[in-house]
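Below: one structure, written as structure tokens.
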Amino acid sequence: MHSDSGAGAQSARKWIGKSIPRHEDLRLLTGRGCFVDDIKLPNLHHAAILRSPHAHARIKRIDVSKALALDGVLAVLTGKEVRERTRPFSVVATSPLQYYCMAVEKARFVGEPVAAVVARDRSIGEDALDLIEVEYELLPAVVDPEKALEAGAPVLHDEVGSNLVCHRLLRYGDVDGAFERADLVLSERFVYPRYTSMPLETFAVIASYDHFDGMLTIWSNFMGPFIMHPITARALNIPENKLRFIVPSDIGGSFGIKTSIYPYLTLLALLAMQVRVPVKWIEDRREHLLASSSQTDRIGYREVAVSKEGTLLAIRSRLYDNVGAYLRTPEPATTFRPIGNAVGPYRVKNIEIDAHIVTTNKCPTGPNRAYGCQYIYFEQERLMDEIARKLNLDPAEVRLRNFIQPDEFPYTTPTGGIYDSGDYPRAFRMALGMIGYASFREEQKKARAEGQLLGLGIATGVDPSVSNMGYLTVALDPEVRQRHDYLPKSGAAETATIKMGPLGQVTVFLTTTPQGQGHETIISQIVAEELGISPDDVTVVDECDTAKNAWSISSGTYSSRFASVGAAAVAVATRSLREKLCRIAGHLLGVPAEEVEFQLGKFHPRGRPEKALRLSHVAGTAHWNPRGLPPGTDVGLQVMQTFSFPRAEPPDQKDRVNSSNTYGFMVDIAVVEVDRETGAVKILKYVSVHDSGTIINPKILEGQIYGGAFHGIAGALFEQLAYDDQGQMLSASLMDYKCPTAAEAPKIEIGHVVSPSPFTPLGSKGAGESSSETAPACIANAIADALSPLGVSVKELPLTPAKCWELMRSRSQAKETI
Amino acid sequence: MNIAVQHLFPASPGQLWGFLLDPKRLARCLPGCETLEEVAPDRYIAVMKIGVAAVKGTYTGRVEITEKQAPFHYKLSLEGSAAPGFVRGHAAMDLIEQDLGRTLLSMNAEAQAGGLIASVGQRFLSGIARQMVGQFFRNVEQELNRAGASAVPSPVERGFRE
Amino acid sequence: MKPAAFQYFAPASIEEALSVLRQYGEQAKILAGGQSLVPMMNFRLVRPKCLIDINRIASLSYIAAEGGTLCIGAATRQRSVEKSALVREKNGLLQEAVRLIGHPAIRARGTVGGSIVHADPTAELPTILAALDGEIRVLGPRGPRTIAWRDLFVTYFTTSIEPDEICTEVVLPTLPPQVGWAFEEFTPRHGDFSLAGVAAVLETDSQGKCSRARLAVAGAGPTPIRAFTAEEFLQGQILNETTLLEAGRRVSEQVDPDSDLHATAEYRRHLACVMAVRALKRARQRLHERG
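Residue numbers (this note's numbering), protein chains in the order written: chain E, 2 to 819; chain B, -15 to 146; chain C, 16 to 306.
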């Protein structure tokens, strides 16, 4: 592992920066994790969902009588009841579109729920589904976001009148002027596929209604943001304090997908309120592929204006994001989340983004790992290589000429992003060294002489973490944001609660609902570092219960926020506790608090180590002897502290917004070989260098990097949620949705550069998404380089063997105007 | 799914036409067809067992004949649904006279499957479609041979005589 | 999804199994490894009224070499074949092909007979049966009978086994040391159903000319396909780059693959040729190594 530390602060630490084994692993690996499916309740019944087989159809008649008559069936719900008993979910952009947890009058995507059954067990529930008769009137369907905007295209929502549910033209700097001055203009049309993450655990929900006190309790693997709690309450017409979300300590992966579980929470809630016994639903894999969530598919037109030295002068991006059948909150998050880092790591000052958000007859979308950055970096990095080719420059040199320089941080991008820290050239050169860049071109020449299709691809990107809640309001017109009754959104915060018992043992409560990222371990390392104890002395409670935890609408883990704001909240809460302990110790020792030193579990006045008090004495005082506390000190040792980023403001009138709060950097470089006969792509070497600020646990970080890179490779080479042009979903099992397995995983060499963030107490930044943002671009560039002797252009993914073979048989070029 | 197939039959276009558009014969030729009931001119309700091996479903649906240009062209539309999903298809059927009293039937079909079978059965679909088409042609050929082609009076010829 | 309701029987003998089968006919399915059947039942694509679990019938699981043949009980686990020293000695092609079936977990339950009677044209074992002119033995109320591979595979997932018969044994010839063989397949991911696969068997005479060539293709049509024109062409030829490429070309002419979500018919046809040439090259290599 290559490493290059920043300030040297890392080596002085005892726990931070150490790869201690994960605390969670013992229970996870021995089958003793606690997941939703493990929860036992008396008289538990099961839900089964009938789903539309048509992509677009009016529901003329539903007859549930035979299903209701089946022995073991308690209730059957249809869209009619859903419309009577719920309000449509709140929609972000000012769109009149109505979205319910079930199809009401019209089904708009294959897999949309049209009825739901509660039965004694799931098998009987599915038998009941077979007995439900639905009469559909078929309507024409559309799945392509450009075709959906053509005159005469089927419109999904009559109340909207068009499939364009949101449109913003964002302009920063002097784009037109820059294009006029350019020595070279390149443009291309890129198509980015729809893929998703494949968490091992699918959606899981248990809903239970106490009709005596009106309390609705929902256990699920929802992972935030907890804005979905009030959204669900509002849809169900119940007060927020009568809706209790409980998330167990273990979730089997999410990658953003489980943010979109809330329509199913609503559906199960309705069923539970009707039958008044607990109702459980574990989504099966087919349902997950058909009707859970995924990223959008995007058609992107990108133009770059370049000087003859290869300097980027301006970027124009016109994009069509396919959000599926409904604009489901938090969409259009995918489009606007990366506004702050839209220029990536480059110093270009002029950029225009013409964003079209389009509905079509596909499953509604939501957050998915990479969360908007994958499209941007794919388009941009492909063009960086084309710039190099056209100007006869080395592709690495083109990047180096455009990087933001290390002495420019904090750096404000034209779109309002504030990059906190980084050393892009250093990380980049480390990666070039690791891949053996200097000797590669020679090797490639020799290989080509022997008929081998060998190629190298580079991709760099800025890795944003911790969303500023205000970014989504860029979707609204500035005039709307200026209305006096408009409530702006902003902020990026997390709250941690830490308490210490009378004998000095620590418990931490968090509302980050981890899905396998190892939060318990990380938190224990931070607390141990701050208090001079061992991580084994720290208990972390990561079950989240809205009735008991201190939570806010931004609680949860998404947008890579944990290592950034989550870790920060833990650090400040722990420091606050430490300060309190020192104040108490000072009082007991008869010295001012500032003169108290806390080392190896003991408090002593500075310079007088012999006059020491044990931690248990100080903590004990707080619990047993409140009269012994300094005046004005609260009894007990419980601290709840919020960490809030200062520069998380709403967008300004020019649509500039710091959409995230910490910004890492990664560079991925790969060497591939394309099999001339079969089109199969073999990754011969893959390196990834990351700068995510202070590293708390290197092993956990590397797991994230490896996972993110492989995730991106999966999107580049294997996975696609396939629909035919009538909206039939063709890949609803893992046989056809081709997630690569361990057998396909390449060896990935990881390098680190550490540029601590000046905005977080530990200097750490998020790294959960990392190379999922750049790996697709990296692989695409490598394949384009391998196939360049054939004059082939790469502008679409996935590059399956069949696709590569087709490419090799055709020739095309990027458009060029000078 | 697009299926383009051709098959040579030992009959004149008129004879073949008479065959293909006769509901009783059509019922015997459509693979897995259990019943075919005329509900209006050129419109039928059919019950068909479609599938391959154990992956079979009993589909109820409509069969419709349109765009008739006797005896050279017509369109056959089929639509049915069952538990495994639904199938929909149109086939443009062209009867091209060949020498020696033979006709080339050229079928150009667009078929779509939906529901469960489409979402998890992609591997089976092409096979089922080709199998059915192949079976359909074999059935027609068998029927022709059984009837003794020359013995079938074609409606077109009858028309001329009258 | 959960399967539709079914009756379950676990007979202890073949006779008992046959008697239940006679009762239920087409509404019964035999459960051996279940690796193909159970997913289809879980999707409710297949809804047998009755499942006859033959995993307790010990007499259906064996590997025996008799004279020039290898006899394998229908319910023998694929994994047993994969690990068997007898199979490695008597028919290396079978063992090479079995290793390519799915993943170890699948092979631990999947059976040799089960894979063959499932008759998936992209599967390895039916293709091996075709390449080696193998046959199966079945038992029914009318007594035992033998079915040669070309009479067995009717179309996709369809064999000529009657609804009241059970496959009891798979019979393959042994491959003597002077025979070269190889199995090459192309899969999108490790363990996937192949887009094209070829089993090749080669023998040469004392002058180094091909005396026997067998080529069977998986994923090339409704059943495994023997590429007879390629085989005939190779007869009497020297096995060099030119003749092997020509054989591959003939293979691609003879196959009739489908298009689907993952690959066009054209691409599969091309892959059949590529896999054929690669299989022939490796078979020839093996010939030289052992000869």
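Quick reminder that beta carbons are idealized off the backbone N, C-alpha and C, glycines included. The model shown is predicted, which means the values in this text are computed figures rather than measured ones.
Is the Cβ of threonine 137/C closer than 8 Å to any Cβ of chain E? No, threonine 137/C does not count as interfacial toward chain E.
Hey, which unbroken runs of the alpha helix (DSSP H) at 4 residues or more fall wholly within the segment 568 to 601 of chain E? Counting only runs that start and end inside the segment 568 to 601 of chain E, the alpha helix (DSSP H) elements of at least 4 residues fall at 568 to 590.
Can you tell me whether DSSP reads threonine 257/C as helix, strand or coil? Helix.
According to DSSP, what are the bridge partners of threonine 336/E? According to DSSP, which records beta bridges pairwise, threonine 336/E is partnered with nothing at all.
Tell me isoleucine 524/E's beta-bridge partners as DSSP assigns them. Isoleucine 524/E pairs with nothing; no bridge assigned.
If you measure beta-carbon to beta-carbon, which residues of the segment 791 to 812 of chain E are closer than 8 Å to chain C? Against chain C - using a Cβ distance shorter than 8 Å - the residues of the segment 791 to 812 of chain E are Thr801, Pro802, Ala803, Trp806, Glu807.
Roughly how many whole angstroms lie between the Cα atoms of aspartate 38/E and isoleucine 283/E? Rounded to the nearest angstrom, the two C-alpha atoms are 7 Å apart.
From methionine 91/B to glutamate 127/B, what does the alpha carbon distance come to, in whole angstroms? 18 Å
Selected residue, minimal CA-CA separation from serine 367/E, among Thr260/E, Phe337/E, Leu269/E, Phe441/E: One point to set straight first is that residue 367/E is glycine, not serine, in the sequence displayed. The shortest Cα separation from glycine 367/E among Thr260/E, Phe337/E, Leu269/E, Phe441/E belongs to Thr260/E.
I want to see whether chain E comes within less than 8 Å of proline 63/C, judged by CB atoms only; does it? no
May I ask which residues mark the beginning and end of the beta strand (DSSP E) holding tyrosine 664/E? Element bounds for tyrosine 664/E: 661 to 675.
Restricting to runs no shorter than 4 residues, where is the alpha helix (DSSP H) found entirely within the segment 173 to 232 of chain C? none
On the three-state DSSP scale, how would you describe glutamine 275/E? helix
Evaluate asparagine 659/E with the Cβ neighbour count: other Cβ atoms within 10 Å of its Cβ, from every protein chain shown; 16 or more gives buried, anything less gives exposed. buried
What residues in the segment 105 to 137 of chain B bring their beta carbon closer than 8 Å to a beta carbon of chain C? Within the segment 105 to 137 of chain B, the residues whose Cβ lies closer than 8 Å to any Cβ of chain C are, in chain order, Gly105, Gln106, Arg107, Phe108, Leu109, Ser110, Gly111, Ile112, Arg114, Gln115.
Name the two residues that bound the continuous alpha helix (DSSP H) containing proline 7/B. For proline 7/B, the enclosing alpha helix (DSSP H) covers residues 7 to 13.
DSSP state of aspartate 38/E, grouped into three classes? helix
Quick test of the definition: if touching needs 3 or more C-beta pairs under 8 Å, does the segment 503 to 519 of chain E touch the segment 548 to 564 of chain E? Counting C-beta pairs with one atom in each stretch, the segment 503 to 519 of chain E and the segment 548 to 564 of chain E have three or more that are closer than 8 Å, which means they touch.
When DSSP labels each residue in this structure, what does threonine 540/E get in the three-state scheme? strand
When the Cα atoms are used, what is the spatial distance from isoleucine 125/E to arginine 62/C? 15 Å
Give every residue of the same chain whose Cβ lies closer than 7 Å to the Cβ of valine 399/E, excluding the five residues on either side of it in the sequence, and list them in chain order. Gly311, Met385, Ile388, Ala389
For alanine 8/E, name the three-state secondary structure that DSSP assigns. Interpretation of alanine 8/E is limited by its pLDDT of 38, a score under 50 that renders its predicted location unreliable; no figure is taken from the coordinates.
Got a sec? Which residues, its chain only, sit under 6 Å from histidine 588/E by beta carbon, not counting five neighbours each side? Pro631
Strictly below 9 Å CB to CB, what residues from chain C border leucine 100/B? Met16, Phe58, Arg59, Leu60
Residues bridged to tryptophan 282/E by DSSP? Assignment of beta-bridge partners to tryptophan 282/E by DSSP yields Val206/E.
Using beta-carbon positions only, say whether serine 560/E and valine 467/E come within less than 8 Å of one another. yes
Identity of the residue in Leu14/B, Val31/B, Pro15/B nearest glutamate 160/B by Cα: This structure leaves residue 160/B out entirely; chain B is present only between -15 and 146.
Beta-carbon proximity list for glutamate 241/E, same chain, < 6 Å, skipping 5 on both sides: Pro231, Ala234
For threonine 818/E, count the other beta carbons within 10 Å of its own beta carbon; 16 or more makes it buried, fewer makes it exposed. Which is it? Here the model assigns threonine 818/E a pLDDT of 35, short of 50, so the residue's position is not dependable and the matter cannot be decided.
Under the three-state DSSP convention, the category valine 127/C falls into: helix
Among Gly752/E, Val793/E, Gly728/E, Val682/E, which residue has its Cα nearest to the Cα of glutamate 745/E? Between glutamate 745/E and the set Gly752/E, Val793/E, Gly728/E, Val682/E, the nearest pair of CA atoms involves Val682/E.
Looking only at C-alpha atoms, which of Thr174/C, Gln222/C, Gly149/C, Ala215/C sits nearest to valine 36/B? Thr174/C
How would you label leucine 616/E, buried or exposed, when you count the other beta carbons within 10 angstroms and need 16 or more for buried? buried
Determine, for leucine 433/E, whether the minimum Cβ-Cβ distance to residues of chain F falls below 8 Å. This model lacks chain F altogether, as its protein chains are E, B and C.
Pair within 8 Å by beta-carbon distance, aspartate 298/E and arginine 195/E: Yes, these two residues count as a Cβ contact at 8 Å.
Answer with buried or exposed for asparagine 238/E, where buried requires no fewer than 16 other C-beta atoms within 10 angstroms of its C-beta. exposed
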